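In our numbering, the protein residues as written are 190 to 402.
Below is one structure, written out as structure tokens; comments come after it.
The structure is reproduced here in structure tokens:
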């Protein structure tokens, strides 16, 4: 039996085949910073964090010390405006699980102001500089554990965040150009426990803000 396709259907199939051919010829493109297809699965983040945790702490290089100290101060919710001078103007901050991504030092500072307002007290229980799989002269991998408190009168933290942060440094070694957070979101029991992000919380800055003193 011979099947004869209607002219319109035949043209449709022909166009579909052509599109498939064009797509197959396209070279894969690298995802730009912050795009969701660049996200890493929770199990992979956990695996990478375990590797960072068991690896020995490495000595810091002289050009890294200023940057490391500033980042530690920021995560401890005790930063001032000048602390953010370690970031490039077009810095990218993103969560590697795909939860959020932002660019620009002003938006990054806005993010951490919101964090400080949500948790006025933070204890950096662990801040280890790990060799890491991607460590190099322009990359710093930090194995980190943070304990956040909403009230000084409460003995136990309201939230504990564990993971590792990857800092990518400019070739001139003076600014952070990209900061990727790898938090174990899978262990969070409630959505409100998630690490604060600009997608969940926005705040406006003013020169009267406590972080500008």
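We put the beta carbon where it would ideally sit given N, CA and C, even for glycine.
The model shown is predicted, which means the values in this text are computed figures rather than measured ones.
Check	Outcome
Three-way DSSP call (helix, strand, coil) for residue 328 in this model	strand
Distance between beta carbons of residue 329 and residue 246, contact taken as under 8 Å	Between residue 329 and residue 246 the Cβ distance is about 12 Å, and since that is not below 8 Å, they are no contact.
Own chain, CB closer than 6 Å to residue 368, minus 5 neighbours either side, in chain order	282 and 356
Span of the alpha helix (DSSP H), counted from its first residue to its last, around residue 301	294-307
Close-in-space but distant-in-sequence residues of the same chain around residue 360 (CB under 7 Å, 5 per side omitted)	327
Inter-residue Cα distance where the pair is residue 352 and residue 251	25 Å
Cβ contact (3+ pairs, closer than 8 Å) linking the stretch 337-353 and the stretch 309-321	yes
C-alpha distance - residue 271 paired with residue 298, whole-angstrom precision	11 Å
Neighbourhood of residue 362 by C-beta distance below 7 Å, restricted to the same chain and skipping five residues each side	252
Limits of the unbroken alpha helix (DSSP H) element including residue 261	251-264
Residue 274: first and last residue of the uninterrupted beta strand (DSSP E) it sits in	Segment: none, residue 274 is in no beta strand (DSSP E) and carries neither H nor E.
Residues bridged to residue 357 (per DSSP)	328 and 367
Helix, strand or coil at residue 222 according to DSSP, with G and I counted as helix	Unreliable positioning characterises residue 222 in this predicted model, as indicated by a pLDDT of 42, which lies under 50. A coordinate reading is not provided.
Proximity to residue 294 [Cα-Cα], best of 286, 280 and 305	280
For residue 284: DSSP bridge partner residues	370
Cutoff 7 Å; reference residue 316; Cβ partners in own chain excluding five residues on either side	261, 331 and 333
Per DSSP, the bridge partner or partners of residue 289	Bridge partners of residue 289: none, in fact.
Length of the line joining the Cα atoms of residue 364 and residue 350	25 Å
Between the CA atoms of residue 337 and residue 258 - distance to the nearest angstrom	19 Å
Residue interval of the beta strand (DSSP E) (run including residue 313)	310-319
Cα-Cα separation, residue 265 to residue 341	15 Å
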